[in-house]
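Asks: Chains as they are written, first to last, in the numbering used here: chain A, 1 to 115; chain B, 1001 to 1113.
1. How long is the line joining the alpha carbons of residue 1029 of chain B and residue 22 of chain A, rounded to whole angstroms?
2. For residue 108 of chain A versus residue 6 of chain A, is the C-beta spacing smaller than 8 Å?
3. What residue from B:1008, B:1067, B:1048 and B:1057 has the CA that sits closest to residue 1022 of chain B's CA?
4. Where does residue 11 of chain A fall in DSSP's three states?
5. Mind pulling the beta strand (DSSP E) runs of 3 or more residues that sit fully within the segment 1065-1106 of chain B?
6. Under 8 Å between beta-carbons, which chain B residues line up against residue 107 of chain A? List them in chain order, please.
7. Taking a cut of 7 Å between CB atoms, which residues from the segment 1025-1040 of chain B lie near chain A?
8. Run through DSSP, which three-state label would residue 96 of chain A get?
9. Thinking C-beta only, is residue 1108 of chain B closer than 8 Å to residue 1079 of chain B?
10. Which bits of chain A does residue 1103 of chain B rub up against, with CB to CB less than 7 Å?
11. Is the CB of residue 100 of chain A under 8 Å away from at least one CB in chain B?
12. Who are residue 1030 of chain B's beta bridge partners in DSSP?
13. Which same chain residues end up closer than 6 Å to residue 1053 of chain B when comparing Cβ atoms and leaving out the 5 residues on each side of it in sequence?
14. With a threshold of 8 Å between beta carbons, is residue 92 of chain A in contact with chain B?
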C-alpha cells in the first residue's frame, strides 16, 4: 500500500490568510485527490489532480479558492486561500490504489482551524 | 446529483453485541467500498464489492452488496472495543466521464466495555 504524508498536520490561521498543504506519496501515482471533512461530517471531494494537467474541481469548489499544484507523480499541494472560519476542517489527500483502481489510500490529514 | 445515504448515524452497543450499518445509493453503482476511520485518524480502506449480490467476510465483519447494486451493508459480529470508529460506505459513480468516490454520511460506532 502507498504511504502518504501531509504537512502540516495541523495549523491555526487568521482569517484572510492562506495556507498551503503538502501531500507526498512514497510511490508514483497517476491520480491524487483532495477532500474536505468538516467536524463530525463525511468526506467531500474538492478536486482531482492529475500530473501534467489542470485539476478538476467538484461543484462548489473553485480554483481561486483552492488552487492545486501537481508538479510530479509523487507530490501535490492544496492551498486554502483567503480563509474564513467556515474553512475550518480536516483536509485529506488520497491516491488511487494502482492495484485496485477506484479504491483509495488516504493521508493522515491536515486539521485546519481558522480564527 | 448522485447521493449515498447511510444509517444509522450513531450506534452505541455493549461489547459482544452485533452491529449493522446500511448504505443506499440513489443510482446503480459500479462498486461499493467500505472505509473505517478511527477517532482522530484518517479513513482506511476495508473492502470493495463489485458483483451483484456479493458477500465478503473479514473475520467478524460481513459485507454485502445488493442485487440491484444500489445498497450495501456491513455487519460486525460480537463487537469489540477495537471496532470503535466511523464506518463509511463509498460508491464509485460517474459524473459525465469522470469517476469519483461518493461517501455516505458514516455510522459512528461506540462500544461499551
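All C-beta atoms in this analysis are idealised placements derived from N, C-alpha and C, irrespective of residue type, glycine included.
Replies: The structure says:
1. The residue you call residue 1029 of chain B lines up with position 29 of the second chain. The residue you call residue 22 of chain A lines up with position 22 of the first chain. Our two residues, residue 1029 of chain B and residue 22 of chain A, have alpha carbons roughly 32 Å apart in a direct line.
2. As a position in the first chain, residue 108 of chain A is number 108, starting the count at 1. As a position in the first chain, residue 6 of chain A is number 6, starting the count at 1. Contact: yes.
3. As a position in the second chain, residue 1022 of chain B is number 22, starting the count at 1. Minimum Cα distance to residue 1022 of chain B is reached at B:1008.
4. Taking the first chain and counting its residues from 1, the one referred to as residue 11 of chain A is at position 11. Here residue 11 of chain A sits in strand by DSSP.
5. Qualifying beta strand (DSSP E) stretches, in chain order: 1071-1076, 1085-1095 and 1098-1103.
6. For this step, residue 107 of chain A is matched to residue 107 along the first chain. Listed along chain B are 1042, each with a C-beta nearer than 8 Å to that of residue 107 of chain A.
7. Flagged, chain order: 1031 and 1033.
8. Along the first chain, one-based indexing puts residue 96 of chain A at 96. Three-state result, residue 96 of chain A: strand.
9. Numbered from its first residue, the second chain carries residue 1079 of chain B at position 79. Numbered from its first residue, the second chain carries residue 1108 of chain B at position 108. For residue 1079 of chain B and residue 1108 of chain B, no; Cβs fall outside 8 Å.
10. For the purposes of this step, residue 1103 of chain B is identified with residue 103 of the second chain, where counting begins at 1. For residue 1103 of chain B, the C-beta contacts it makes with chain A under 7 Å involve 42 and 43, in order along the chain.
11. The count along the first chain starts at 1 and reaches residue 100 of chain A at position 100. It does: the Cβ of residue 100 of chain A has a partner Cβ on chain B nearer than 8 Å.
12. Here residue 1030 of chain B refers to the residue found at position 30 of the second chain. Residue 1030 of chain B is not bridged to any residue.
13. In the second chain, residue 1053 of chain B corresponds to position 53, counting from 1. Closer than 6 Å at Cβ, skipping near neighbours: 1067.
14. Residue 92 of chain A sits at position 92 when you count from the first residue of the first chain. Chain B, which has a Cβ nearer than 8 Å to the Cβ of residue 92 of chain A, makes this yes.
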